[in-house]
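The structure appears right after this line, and notes come after that.
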Amino acid sequence: MAYRLFGRLGLGATKAALRRVGTGAVLGTGAAATSYLCANRRGLLETKLRSLELSDQEEIRAVATLKMAAAQHGLDISGGTIRRTSSRFCLGVEHGDYNGTELFGVGTDRFIWLAFKPNNSGKIRIYSQNFPDAGVVEFTPGKVPAPKSAEISETWARFPYGVEHVLRKHGIDTACGFDAVLVGNIPGGGMSRSASLVINLMLTMLEVNKKSLPEGDFRVVTMAQQVENDYIGTPCGNLDQIMIYYAKTGMGTRYDPKTKQVSYVPLGVDTNEFRIAALDTGTVRHGLEKTTYAVRVKECRDFVALLQQKGYKIHSLGDVKDRATYDKIVAEFGSSHPDHCLRLEYLFFAQERFEAMVQAWAAGNIDEVGATFRRDGIGLRDEYQISGPELETMVNIARTVPGVIGERMLGGGDKGASGAILRPHAERALRDAVETGYKRSYPHLAEKCAVHVVRVCKGVEVTLGSLGFWLWGTQASVAVIVVVTITLITMLLLLLVVNSIVIIIIIIIIILIVGLIVVVIIINNIGLTVIVIIIVAS
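1 is the number of the first residue of the sequence shown in UniProt numbering; add one for each residue after it.
See the structure below:
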């Protein structure tokens, strides 16, 4: 991917960063280091600045957490690099990647942040704030546990182990050691947390060993999938890896497995016309290899093998696209293999819905996007039978909210998150409905469930040398320096102009006002708009 590299930017970078908001670019240190949905028809600058503030708070928390965790665990990331990888929101075909269908989705702004720095020790030392009980995972490249072994089955360390193992299998030297700390806010199922982590780790190990691949190299997707398939034992396809690695701001990503071509579909709507929400049920799925997902993969592959034996010229269930072939298969196997035919039913009609979804998305017909999304959810529930009770409770609650135009389960199934497409005015009502309805149904998950309203963003971003004094995207740091500078200049001018007790009174008033501004900016994170006003006013 094309990374944007930033050094330590100070106050002088703030105005330049503001100029870049309209491009959907990522802003470096001293501004907001994140990307946002930029549709063909751009919204107003003030709208984008409001969006900037929201995710910048997450950036500040994440980087502060990374620095604190590194200090607590003796890891040296000072002056190092931060890589941020996104989550993803699949719009179609869910479960199509291992069934040979086309895929369509977007990157979304729930992330994994990984800060790293070479340590010249020949050892990889990495700590995850999301799994603090595991402590620092330390290992020597080339000496990781065997694939699919009992040693890795219950630890998150299987991901860095697997990345190192797969890179070596591809002949890539992984000898360079590094210190790393990571933290993420991606829900525990449905938005591809594991794929985001694997891609982040893989790009990091490649960079540390000076083996970066060309921009958009599909080998990254292939190797990331191999980590999960061959090392961990998860029978996943490549939907998640593609949707994250190739995600662009303001674009839907479309992938054709026949040609292995990635293309982009501009989002034909204004950013104010709809919202995407991930409805986190508070449940966590501990690996696809341990869920219904693995059962569905086997069912589909077994059915393909059976159909091939009976003379059908297909390589996957996604190859069944014409109605005559579909009807023939159902007539022949409906009685003997009813469950297998249900899986085919979902995939057959999901491919019809796929084209409707992409066309509606490109045209900005969000009502049709939502309706298609909803129909797909019914198919996943009734035909593919991959959902779960908590997921469907969230779906049913969302469906009752006026302004929610589509909803369904997300991802591998069983647990994790559902998704919704909604009008902006419905956001508050959706949150309230989940607050009451879901928590009443699952009181033991009341502290874990959440509604994440997400934005479309780029899948991979890098900031270089951002772990010194400046926090990546810390508006508060900029605000403090601006305010202190203004205060000092004002005091100096007053001393030159006035020589009386009035000076003291005025200075005290100024300090009180300045202090109030600092507190408001730091606590409430009013953001770049306030900073600009202060600069102009000065």
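Glycine included, each C-beta is placed from N, C-alpha and C at the ideal position.
The model shown is predicted, which means the values in this text are computed figures rather than measured ones.
Assigned secondary structure, residue i (DSSP; H/G/I helix, E/B strand, else coil)
i	result
Q351	helix
P266	strand
Q129	coil
M251	strand
T155	coil
T291	coil
T463	strand
I124	strand
V284	coil
L342	helix
H73	coil
Y161	helix
S441	helix
K298	helix
Y98	helix
V320	coil
E58	helix
V144	coil
Burial state of residue i, where buried means 16 or more other Cβ atoms lie within 10 Å
i	result
G388	buried
T283	buried
I509	exposed
F178	buried
H170	exposed
W472	Per-residue confidence for W472 stands at a pLDDT of 37, beneath the threshold of 50, marking its modelled position as unreliable; no derived number is given.
G311	exposed
A31	The predicted model places A31 with a pLDDT of 28, which falls under 50 and marks its position as unreliable; any figure quoted below should be read in that light. Its Cβ being crowded by 16 or more others within 10 Å, A31 is buried.
N200	buried
D414	buried
M68	exposed
T101	buried
N119	buried
I126	buried
Q72	exposed
N40	Annotation note: pLDDT 33 at N40 (below 50); position unreliable, coordinate value reported separately. By the neighbour-count rule (16 or more Cβ atoms within 10 Å), N40 is not buried but exposed.
D382	exposed
P187	buried
R428	exposed
Selection from the options that minimises the alpha carbon distance to residue i
i	options	result
V63	G135, K310 and V181	V181
L267	E94, V358 and K148	V358
N130	V183, S316 and G370	V183
V106	V227, D240 and P235	D240
F218	P257, S336 and T204	P257
N185	S441, S128, N238 and G411	S128
Y264	I242, D56 and V136	I242
C176	P214, E94, V514 and I124	I124
residue 541	H452, Y438 and R440	A query on residue 541 cannot be resolved here, the shown segment of the chain reaching from 1 to 538 and no further.
E368	L380, K313, R353 and E207	R353
T108	I152, A277 and S212	A277
G162	L213, Q385, Q225 and G237	Q225
A417	D97, R84 and R110	R110
G437	G419, R408 and M394	M394
Residue i - containing alpha helix (DSSP H), residue span
i	result
D420	For the sequence presented, residue 420 should be read as Ala rather than Asp. From DSSP, A420 is part of no alpha helix (DSSP H) but of the beta strand (DSSP E) over A417 to L422.
K258	Premise fails: K258 is in no alpha helix (DSSP H) and is neither H nor E.
R279	According to the sequence shown, residue 279 is Leu rather than Arg. No alpha helix (DSSP H) holds L279; the beta strand (DSSP E) holding it covers R275 to D280.
A398	P389 to R399
V369	I366 to D382
A433	E427 to A433
Y326	R323 to F333
Start-to-end residues for the beta strand (DSSP E) that takes in residue i
i	result
C90	T81 to G92
P118	L103 to P118
I405	V404 to M409
E138	V136 to F139
V451	A450 to V454
Continuous alpha helix (DSSP H) assignments of at least 4 residues falling wholly in the UniProt domain "GHMP kinase N-terminal" (163 to 247):
Segments of the alpha helix (DSSP H) lying fully in the UniProt domain "GHMP kinase N-terminal" (163 to 247): 193 to 208, 219 to 226 and 239 to 245.
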